[in-house]
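*Asks:*
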Amino acid sequence: MAVDDEGISTLVAVASCVAMALFYVLILYAPTVIVRLPSASSFSEFMIRRFICAAVSTVASLVFTAFILPIKSWEASLILGVYGIRKDHLWQGVVYPLLLTSLIYSGSLVSKLLLLLESCKENGGGCSFFNYIIGFVQTTPSLVVTGASNVSVWRNFVVAPLTEELVFRACMIPLLLCAGFKIYSAIFLCPILFSLAHLNHFREMYIRHNRSYLKASLIVGLQLGYTVVFGSYASFLYIRTGHLAAPLFAHIFCNYMGLPMLYAQGKGLVSAAFLVGVVGFVSLLFPLTKPLMYNDRTNDCPCWLGYCLWDSNVQSHL
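Read in the working numbering, the sequence shown has 1002 at position 101, and its numbers run on one by one without any break.
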């Protein structure tokens, strides 16, 4: 694969990534600013408009990236492979990163377990693991139905994770690495652009929720810091595994769990669990993301490990 002969320049890669990040944010305001639609009459309508805008920007980014990258074949499996959408080693791409991510939430998980045990005691101790499983199975269908009609659920667990991972991981990382960026440079550059995509939250906090300038800045600043940290981790998972599923399911899990619980008043076990989880996370970060666990082949490919190594036939198309 002669990427060096037909590669993309650093300037083109960076400009493309910045343009995609800006487009992802600015198009959210297209319905009222460009199309001049009246203000949404409900929160559901407002979110559905945003879902459509996010979908348009994501498809545009995917098509744009496919034209920029030095790809000679438009075979569907090859194009999807470029974006990390693969069938091979799929369960590894989902399970191992989820296990790794859950270690950061050891404190949160222990806290939930303690709350469950306290609830059982309040009910006279008539709560067993078997009964809990039965109750969970019985309530799951109703929860699924309720969630399917909730736009916030769609935003947090479907639209936002999927579109953000496609744009900020699947599109940007191949562009940067194929332009010659070092892996760690790409890992830390993409999250900066990823955090910029959340700057629109300041406008919502300051104008829509009528927060003070200082309070809105503090809230958004915390969000930006968190997105930079998570974005770096998601980029790391994507590059190491070559699977979009790895950062995608980690993203969904983190959205569900929220910020990790560091401590709980009067519950030292939560803090201990968090510390043990952090140690486990650091210890297993590289062992659980070894590329050989997610790809059958490795070599000294000058481009991204993800799409030039899965299949020996791919190299003839790039």
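Glycine residues also receive a C-beta, built at the ideal position from the N, C-alpha and C atoms.
Is the number of C-beta pairs between the region 970-990 and the region 1080-1097 that are closer than 8 Å three or more?
*Replies:* no
*Asks:* Helix, strand or coil for Trp1211 per DSSP?
*Replies:* Summary for Trp1211: the model assigns pLDDT 35, below 50, so the residue's position carries little reliability; its value from the coordinates is reported in the next sentence. In the structure shown, Trp1211 sits in coil (DSSP, three-state: anything other than H, G, I, E or B).
*Asks:* Which of helix, strand or coil does DSSP assign to Leu1206?
*Replies:* Because Leu1206 carries a pLDDT of 47, less than 50, the predicted location of this residue cannot be relied on, and the following value inherits that uncertainty. Reduced to three states, the DSSP call for Leu1206 is helix.
*Asks:* Answer with yes or no whether the minimum CB distance from Ser1050 to chain C is below 8 Å.
*Replies:* As a matter of chain content, chain C is missing from the structure shown, which is built from one protein chain.
*Asks:* Taking 7 Å as the limit between beta carbons, can you name the residues of its chain near Phe1089, skipping five residues before and five after?
*Replies:* Once the five neighbours on either side are set aside, the close Cβ partners of Phe1089 are Ser1133.
*Asks:* Which residue's Cα is closest to the Cα of Val1059: Leu1094, Phe1154, Ala931 and Val1129?
*Replies:* Phe1154
*Asks:* On the premise that Val1011 lies in contact with Leu1163, defined as a C-beta separation below 8 Å, what is that separation, rounded to the nearest angstrom?
*Replies:* Not really, about 12 Å apart at Cβ, beyond 8 Å.
*Asks:* Identify whether Lys988 lies in helix, strand or coil by the three-state DSSP scheme.
*Replies:* coil
*Asks:* Assuming Pro1188 and Gly1008 make a contact with CB atoms under 8 Å, what is their CB distance in whole Å?
*Replies:* No, Pro1188 and Gly1008 are not in contact; Cβ-Cβ is about 22 Å, not under 8 Å.
*Asks:* Just grab the DSSP bridge partners of Lys1168 for me.
*Replies:* Ala1165
*Asks:* Within the region 1126-1166, note down every full alpha helix (DSSP H) run reaching 4 residues or more, in order along the chain.
*Replies:* 1146-1158
*Asks:* Quick check: the Cα distance between Gly1181 and Glu1019, rounded to an integer number of angstroms?
*Replies:* 27 Å
*Asks:* Rounding to the nearest angstrom, what Cα-Cα distance links Thr911 and Leu1185 in this structure?
*Replies:* 33 Å
*Asks:* Could you tell me the distance, in whole angstroms, from the CA atom of Ala1071 to the CA atom of Leu1176?
*Replies:* When only Cα atoms are considered, Ala1071 and Leu1176 end up about 32 Å apart.
*Asks:* Suppose the cutoff is 8 Å on Cβ atoms and the five residues either side in sequence are ignored; what does the same chain contact list for Lys1191 look like?
*Replies:* Arg1141
*Asks:* Tell me, to the nearest whole angstrom, how far the beta carbon of His1152 is from that of Pro1062; I am working on the premise that it is less than 8 Å.
*Replies:* The Cβ separation is near 4 Å, so the contact holds.
*Asks:* To the nearest angstrom, how far is the alpha carbon of Ser1043 from that of Ala1049?
*Replies:* 10 Å
*Asks:* Asp906: buried (16+ other C-beta within 10 angstroms of its C-beta) or exposed?
*Replies:* Bear in mind that a pLDDT of 40 at Asp906, under 50, signals an unreliable position, so the number given afterwards is only what the model happens to contain. That one is exposed.
*Asks:* In this structure, how does DSSP classify Pro971 when only helix, strand and coil are distinguished?
*Replies:* coil
*Asks:* If I measure Cβ to Cβ from Val913 and keep anything under 6 Å in the same chain, skipping five residues before and after, which residues do I get?
*Replies:* none
*Asks:* Which parts of the region 919-967 are runs of the alpha helix (DSSP H), unbroken and 4 residues or longer, counting only runs that do not cross its ends?
*Replies:* 931-934
*Asks:* Helix, strand or coil for Gly982, going by three-state DSSP, please let me know.
*Replies:* Residue state, collapsed to three classes: helix.
*Asks:* Please list the terminal residues of the continuous alpha helix (DSSP H) segment that includes Met1073.
*Replies:* Where Met1073 is concerned, the enclosing alpha helix (DSSP H) stretches over Met1073 to Cys1079.
*Asks:* On a CA-only basis, which of Pro1075, Ser1003, Leu1125 and Ile928 is nearest Ser1096? Give me that one, please.
*Replies:* With distances taken between Cα atoms, Ser1096 lies closest to Leu1125.
*Asks:* Using CA coordinates, which residue listed in Tyr984, Ile953, Ala1173 and Leu1077 is at the minimum distance from Trp1055?
*Replies:* For the residues Tyr984, Ile953, Ala1173 and Leu1077, the minimum Cα distance to Trp1055 belongs to Ile953.
*Asks:* Using the rule of at least 16 other Cβ atoms within 10 Å of the residue's Cβ for burial, across every protein chain shown, is Tyr1157 buried or exposed?
*Replies:* When all chains shown are included, Tyr1157 counts as exposed.
*Asks:* Excluding the 5 residues preceding and the 5 following Val1052 in the sequence, name in chain order all residues of the same chain whose CB lies nearer than 6 Å to its CB.
*Replies:* Apart from sequence neighbours up to five positions away, the residues of its chain that approach Val1052 with a beta-carbon distance below 6 Å are Ser945 and Met948, ordered along the chain.
*Asks:* What is the rounded straight-line gap between the Cα of Phe1069 and the Cα of Leu1193?
*Replies:* Between the alpha carbons of Phe1069 and Leu1193 lies a gap of roughly 24 Å.
*Asks:* Skipping 5 residues on each side, what residues in its chain have a beta carbon closer than 6 Å to that of Ala1087?
*Replies:* Ile1074, Leu1077 and Leu1078
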